[in-house]
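Have a look at the structure below before the remarks.
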Amino acid sequence: MPPKEITKINDTVWELPVSYKAGMKVPARIFATEELLNQMDDAVFNQLTNVACLPGIQKYAYCMADGHSGYGFPIGGVAAFDPETGIISPGGIGYDINCISGKSKILTQNGVKAIKKFEEENEAVATLTKNKITFTKPAAFMKFRKSSAFRVETETGNKIIATGDHPFLTKIGMKKLEKIRLGEFVKVYDEDKEKFYYDTLTKKASIDFDDFVYDFNLPKTHNFIANNIVVSNCGMRLINTNLTLKDVQPKIKELVDTLYKLVPAGVGGKSTLHLTKPQLNEVMENGVNWCIENNMGWKQDKERIEESGCISGGDSSKISERAMSRGFSQLGTLGSGNHYLEIQVAHDENIFDTEIAKKLGITQKDQILVMVHCGSRGFGHQVGTDYLELFESVMRKYSIHVPDRELACAPFQSKEGQDYFKAMVCAANLAFTNRQVIMHKIREGFSQVFKQSAENLGMELVYDVCHNIAKLEEYKIDGKKKTLLVHRKGATRAFGPGRKELGSRFKETGQPVIIGGSMETGSYLLVGQDKSDDETFGSTCHGAGRTMSRAQAKRTWRGEKLQSDMEKKGIYVKAVSMPGLAEEAGDAYKNVDHVVDAMAKAGITKPVVALKPLGNVKG
Amino acid sequence: MENQIPISKASKKINYKLIEGITSADYAYDITGKNLPELFENAALALTSAMVKLETVKPKTRKNINLSAATVDKLLYDFLDEVLFIKDTANFLSAKVKIEVKNPGLKDKTYKLNAILFGEEIDQSKHKLGNDVKAITYHNFSVKEEEIKEKNSKKVKKSWVARVVLDV
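Residue numbers (this note's numbering), protein chains in the order written: chain A, 15 to 633; chain B, 51 to 218.
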């Protein structure tokens, strides 16, 4: 349930004020109907308001209608930061990790106060730097309910209740409480003598502790880069055809089987490209341009991809050999999990805006389209891991402390931060290329089955859009144009017709937005509205959002049974993994219609057509 | 050698389980082992079991992994990441693992791991496959030695436990 402090701005916008949590720099806004808001898990509100505490955040921390809890940042989250004074890729500064009880005393500029009091006022607190005290205002203040903790005592009578993962300063550096043994020294502060000294830990008892615990995050730098947010570089791609249901229905099995053979998917799906190292470097720096030069794309494809399929500034020398190895073996593969390719139909009754549908190439009754959802595969993850490790080793140098290892970071303007940014662009470009290569195979497959060229089959790209990325984009802040670093974590760019980046092709319609629902219930094509510019940093939802865990779905359905049930409903599925298929059942997801409706009511995106599944290839 | 921990023996009991309440879009596993080699072995099996039905994989060839790390946490993360790397680049999955872990010595203060994976190349027509794991995450990642009191006895049993979230 949403917190009681939430206020209704209108039917689809909800706000948590800065007074909700100490340290919030901006309010948090959630785009949802009341029903969807009530369906969101509690962690969403906590994670979103944590994002609102991050340095340099502009206007609001947003969550779209498909929001659910993520790692640090909520899925469906959108936040923009000042690139000079703000941060990149926050993922948040540490959440329910290491905390101390509310009664714990904290040394401030104005004497000792219980940590609980910081809920009301944000005051500079003492920190230890080279054995000297300095006072710093916390960047974030956190409060959580915990059910277990330790009560510890030292030889000279200091007592504190803290969770097992709370770090204490020992003679060999910071150590988690659970790993500190009796007899070990921990550093404590003598208020009277105003000096730090080592004290022996004499008691440590595990206790039941059903109460709130608290923690701070102290900013040591104003701008840093973390990398947990853009590791998979997922996105959606939608491809047109001039075929209709009548043409495709009799051949759906042959078509799905052909695509299943052509597009490597799932565990053991191998790349068929056999690239050389210079070729892979080109992919990372030139994105889909490389495909088009190598006959895996049409010239006009480019103008129908976010950033024309290539973000500039990628530098392949910032990529490790290990990431390269994963790139070689996986480029052009679909992957598994929620990644798929799907043959869909646009029924007449599901077209909500005939004009725009026509402009986007949907002109016939029951027209067939193909949707692809995938990312940069193991490559992007390796880039993430490499820099996570680098950041872990340099955080000390920059005096940054994050309680969650996945939030390891470095200053954006530092060499490490810049190197990561260049590597991240490579991963995004590789993701665009991956979807382009897969589209090339889809064109080939249709061509084989219908014995016509893909050109004759009208297989034009409708659009390709990222939904897991950090990018520099321009927005008006207090009436002035400003370049901001926009983070979309499970959210899609949704530019209205007014944005100059769109070019002539989408100047009238607005940017196409592709929303993947579930393989049973269907998906959507939307267009962005100008209102998104002011209200959501040009962003909207990205999908339905899971409501059921994979573990539970696995127990609830059997892949084989689901496959035959779907076939009876007219959806032919071919999957590498049967348990994997069961986890993607329609009922494991929220109702995508409601999500799309909420964003439409808010005026952010406009539904053009709902697409129904006919055939699906899954990893 | 004094700091040598014996090689793990395959145990029939399943020492890993898929747990709920940590992640809805990914897999979270709790893994146990009576010593470090056993914990690492069980962790590798947990990871592999997410991707393939273990019984369908035959120990036809082997791959070696040799690693060192400053902490046990890092050693486990790197080891699982390596198992995944071998899957991604050599298309190889294993259902049997032999592991040796050396504790830090006086001179070399790192943990050392030698592992042999017994398995075969993935064949989509033969193996019963699960979901492809994209990455090992640090989300809720933990490795701990725990003391468990035995029922009706004052004896305390030590056991290693780990929690690992896999990104699928």
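Don't be surprised by glycine CBs; every beta carbon is placed ideally from N, CA and C.
- Ranking A/GLN381, A/VAL623, A/GLY617 by CA distance to the CA of A/ASN24 puts A/GLY617 first.
- DSSP places A/HIS556 in no beta strand (DSSP E); its state is neither H nor E.
- For A/ASP80, no alpha helix (DSSP H) run applies; the uninterrupted beta strand (DSSP E) run containing it begins and ends at 75–82, by DSSP.
- Within a 10 Å sphere around the beta-carbon of B/MET101 sit 16 or more other beta-carbons, which makes this residue buried.
- At a C-beta separation below 7 Å, B/SER99 has no neighbours in chain A, since its nearest C-beta there lies roughly 10 Å away.
- Interface with chain A (8 Å Cβ-Cβ cutoff): B/LEU68 is included.
- DSSP, read as helix, strand or coil, puts B/LYS178 in coil.
- At a cut-off of 8 Å between beta carbons, B/PHE135 contacts chain A.
- For the 8 Å CB-CB criterion, A/LYS632 and A/GLY584 do not form a contact.
- Assigned with DSSP and collapsed to three states, A/SER537 falls in strand.
- Sequence-distant Cβ neighbours of A/MET310 in its own chain, meaning closer than 8 Å and more than five residues away, are GLN450, VAL451, HIS454.
- Membership of B/ASP138 in the alpha helix (DSSP H) is indicated by the continuous run 122–140.
- Around the beta carbon of A/ARG195, fewer than 16 other beta carbons lie within 10 angstroms, which makes this residue exposed.
- The beta carbon of B/SER74 falls within 8 Å of a beta carbon belonging to chain A, placing the residue at that interface.
- Taking a Cβ-Cβ threshold of 9 Å, the residues of chain B close to A/MET562 are SER74, in chain order.
- Selection A/ARG513, A/GLN466, A/CYS440 evaluated against A/ILE483 yields A/CYS440 as nearest (Cα-Cα).
- Neighbourhood of A/THR554 in chain B, by CB distance below 8 Å: empty, with the nearest CB roughly 20 Å away.
- The CB of A/LYS284 comes closer than 7 Å to the CB of ASN141 in chain B, given here in chain order.
- Not one beta carbon of chain A lies nearer than 8 Å to the beta carbon of B/ILE198.
- Put simply, the CB of B/LYS113 is far from chain A, with every gap to its CB atoms at 8 Å or more.
- Using a Cβ-Cβ cut-off of 8 Å, A/SER578 does not count as an interface residue toward chain B, since no Cβ of chain B sits closer than that to its own.
- Shown here, B/LEU167 sits in a strand according to DSSP, grouped into three states.
- With respect to the 8 Å criterion, A/GLN61 and A/SER83 are classified as neighbours on the basis of their beta carbons.
- Out of A/GLU307, A/ASP367, A/LEU294, A/THR368, the CA that lies nearest to the CA of A/GLY346 is found in A/LEU294.
- Contact between B/LEU130 and B/ILE186 holds, since their C-beta atoms are separated by about 5 Å, short of 8 Å.
- A/MET250 sits in a strand when the DSSP states are folded into three classes.
- Annotated as distal: A/ARG560 and A/VAL92, with beta-carbon spacing of 8 Å or more.
- Under the three-state reduction of DSSP output, A/ASN300 falls in the helix class.
- For A/GLU487, the uninterrupted beta strand (DSSP E) run begins and ends at 482–491, by DSSP.
- Residue range 391–408 is occupied by the alpha helix (DSSP H) that includes A/ARG391.
- Contacts with chain A at 8 Å (Cβ-Cβ) include B/LEU179.
- A/SER350 is positioned such that its CB atom lies no closer than 8 Å to that of A/LYS284.
- Among the bridge pairs identified by DSSP, A/LYS201 is matched with A/TYR212.
- Residue environment analysis places A/MET15 among the exposed positions, since fewer than 16 neighbouring C-beta atoms fall within 10 angstroms of its C-beta.
- Counting C-beta atoms within 10 angstroms of its own C-beta, B/LEU156 has fewer than 16 neighbours from the protein chains shown and is therefore classed as exposed.
- Contact between B/ILE72 and B/ASN190 holds, since their C-beta atoms are separated by about 6 Å, short of 8 Å.
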